Amino acid sequence: MVLNDIIEQAAGRQSKASEREREEEEEEKPKFKEKCVAQCLKCIDVCCIWDCCTCWIYFQEFCSIIVFDPFMELFITLCIVVNTLFMAMDHHDMDPGFEAFLKNGNYFFTATFAIEAGLKLIAMSPKFYFQDGWNIFDFFIVALSLIELSLEGVQGLSVLRSFRLLRVFKLAKSWPTLNLLISIMGKTVGALGNLTFVLGIIIFIFAVMGMQLFGSNYTKFKHL
Numbered sequence: 089m090v091l092n093d094i095i096e097q098a099a100g101r102q103s104k105a106s107e108r109e110r111e112e113e114e115e116e117k118p119k120f121k122e123k124c125v126a127q128c129l130k131c132i133d134v135c136c137i138w139d140c141c142t143c144w145i146y147f148q149e150f151c152s153i154i155v156f157d158p159f160m161e162l163f164i165t166l167c168i169v170v171n172t173l174f175m176a177m178d179h180h181d182m183d184p185g186f187e188a189f190l191k192n193g194n195y196f197f198t199a200t201f202a203i204e205a206g207l208k209l210i211a212m213s214p215k216f217y218f219q220d221g222w223n224i225f226d227f228f229i230v231a232l233s234l235i236e237l238s239l240e241g242v243q244g245l246s247v248l249r250s251f252r253l254l255r256v257f258k259l260a261k262s263w264p265t266l267n268l269l270i271s272i273m274g275k276t277v278g279a280l281g282n283l284t285f286v287l288g289i290i291i292f293i294f295a296v297m298g299m300q301l302f303g304s305n306y307t308k309f310k311h312l
């Protein structure tokens, strides 16, 4: 009996010790998470806020004056409208001179939007630049446009050209009504996610069927 009591007491001590260790581990987990979050925020402040020297700060202020000037915003809006017209004029069997004109126009607008995104990124620093959803959208479009230009001679990547159409939505920044409609549509798509997914599958199926049924009708006469 005495031996059993000793064994039970030892087992009880071990269980209490294990419970204390578990409690200490559970208490340390939130502290560890808080430390990780604090370190990440410090890294963001160091790496994503560009204020290394006085000259750079002056350069940031200069870029901020350029980017946030009302005339600059008007110029970017006009570029978006004209770029949309250029994309609408793209058609089959174009004259070589007209095709070169549209291509040079695409180079100009891509360079303009890339310079705007770069100046805004410098003026605001990455930490504050990427806090705005429209800035993320602009950066995404510029990145895709630059990738398209760098892979212009590669076959089978013409699908990247379709992403140029996303530039039209940049008008929403200066067009409050369009901005409101896009936000409403975004909330609706989130609420009707399953229906949107099913509609996307149906559209994809009919697109593949159309390609299989009617695609050869256009390739037969391409050499005529």
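Position in the sequence shown (from 1) plus 88 gives the number in my numbering. The C-beta atom is built at its ideal place from N, Cα and C for all residues, glycine as well. Model, not experiment: these values are computed from the prediction.
- In terms of CA proximity to V256, V169 leads the group Y146, V169, C141 and C143.
- With 16 or more other Cβ atoms inside 10 Å of its own Cβ, M212 counts as buried.
- In this structure, D226 and K258 form a Cβ contact; the two beta carbons are roughly 7 Å apart against a cut-off of 8 Å.
- Counting C-beta pairs with one atom in each stretch, the segment 190-197 and the segment 160-180 have three or more that are closer than 8 Å, which means they touch.
- By the neighbour-count criterion, in which a residue is buried when 16 or more other Cβ atoms sit within 10 angstroms of its Cβ, A205 is buried.
- For V155, the uninterrupted alpha helix (DSSP H) segment begins and ends at T142 to V155.
- If you draw a straight line from the Cα of V286 to the Cα of N267, it is about 26 Å long.
- Its Cα nearest to that of R252, the residue V230 stands out among E240, I272, V230 and S238.
- Minimum Cα-Cα distance from D178 among the listed residues G281, S250 and K275 corresponds to S250.
- Inter-residue distance for F294 and F163 is about 41 Å (C-alpha atoms, whole angstroms).
- Leaving aside the five residues that flank T165 on each side, the residues in its chain whose CB is nearer than 6 Å to its CB run, in chain order, S262.
- Within the segment 159-195, no run of alpha helix (DSSP H) at least 4 residues long lies entirely inside it.
- Annotated three-state conformation of S262 is coil, per DSSP.
- In this structure E236 is buried. Its beta-carbon is surrounded by 16 or more other beta-carbon atoms within 10 angstroms.
- Per DSSP, the continuous alpha helix (DSSP H) segment holding L234 begins and ends at G221 to S238.
- Counting every other CB atom within 10 Å of its CB across the protein chains shown gives T198 a total of 16 or more, marking it as buried.
- Between the alpha carbons of H180 and A188 lies a distance of about 14 Å.
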